[in-house]
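Residue 1 is where the sequence shown starts when you use UniProt numbering, and the numbers rise one by one after that.
Single-structure report; data block below.
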Amino acid sequence: MSWQATATWKASNDPDFTAKMSRILEFYDHPPADGRVLCVDEFGPLNLLPRTGQAWRPFKKPLRTRATYTRTHGVRHMLAALDLATGKITYRIRDRKRWREFLTFLKQLRRRWPGQRLYLILDNYGPHKRPEVLTWCQANDIELVFAPTNASWLNWIESEFAALRYFALDGTDHRSHAEQDAALGAYLRWHNQRAQPKHHFAINSRIRQTDYTINAA
């Protein structure tokens, strides 16, 4: 017996988990020659609050966060797409993340890469499956490739979001959305200037196995 912290796991109960996972891994391992693969997701909510983090500080004088009993500046959301061919991230920050904002973002992606089929790997968030979105994608040579339910680890952009959170948000206390947006934009510009094509997704990792359950906490 030992004193241990509670741990939680995240597992997909999607009845088509194996087929959906295999298809996504096939896109990662063998991108189709007739188009471009993008991993799409929302990042947020981007509210204004002091965030914990790490920093160089005098001995026994850690950074302290202020209390925020009221937050009156509202919330924003980032819509982002990771281009596997280049490793670059295209993004927009919006006040809402409804199907209208999502469709507008898809139209921007379509204009950015004209003349080739787009394969978008994304989760099952409701606005992604709106009839208006599905109809427009079908008419504009965009195929939506939905991940299994509760299997966010299969979307390659999630690892990029972890880096974005660490380098742009952790340890910050932005007082305006403009200031916070600028910090996010500065990191993404730095990232895109150094981006490399994405290959070898989680090779030899357990997350490629059909019985994988992710340790969430």
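Beta carbons are placed, not taken as given, at the ideal position from N, Cα and C, and that holds for glycine.
- Here H73 carries a coil assignment [DSSP, helix/strand/coil].
- Less than 8 angstroms separates the beta-carbon of I121 from that of I24.
- In the DSSP assignment, I121 falls within the beta strand (DSSP E) that extends over 117-122.
- Between the alpha carbons of R111 and I207 lies a gap of roughly 34 angstroms.
- Cβ-Cβ distances below 7 angstroms link A33 to nothing in the same chain once the five nearest sequence neighbours on each side are left out.
- Between the C-alpha atoms of L63 and W3 there is a straight-line separation of about 30 angstroms.
- Closest option to H199, judged by alpha-carbon separation, among T104, I157, Q209, Y187: I157.
- Here the C-alpha atom of Y166 lies approximately 11 angstroms from the C-alpha atom of S159.
- If the five residues before and after Q108 are omitted, its C-beta is found closer than 8 angstroms to the C-beta atoms of T90, R92, all from its own chain and listed in chain order.
- Within the same chain, and ignoring the five residues on either side of R130 in sequence, the residues whose Cβ sits closer than 7 angstroms to its Cβ are W99.
- Two segments are said to touch when three or more pairs of C-beta atoms, one from each, lie closer than 8 angstroms; by this definition the segment 139-158 touches the segment 35-45.
- Here M21 carries a helix assignment [DSSP, helix/strand/coil].
- Put simply, of V133, G185, R175 the residue whose alpha carbon is nearest the alpha carbon of E101 is V133.
- Going by DSSP, F105 is part of the alpha helix (DSSP H) stretching over 99-112.
- Taking all protein chains in view, the Cβ of M78 is crowded by 16 or more other Cβ atoms within 10 Å, so the residue is classified as buried.
- Secondary structure of D41 (DSSP, three-state): strand.
- In the three-state reduction of the DSSP assignment, Y125 falls in the coil class, being assigned neither a helical nor a strand state.
- When T149, I203, A195, R189 are compared, the shortest CA-CA separation from T18 is found for T149.
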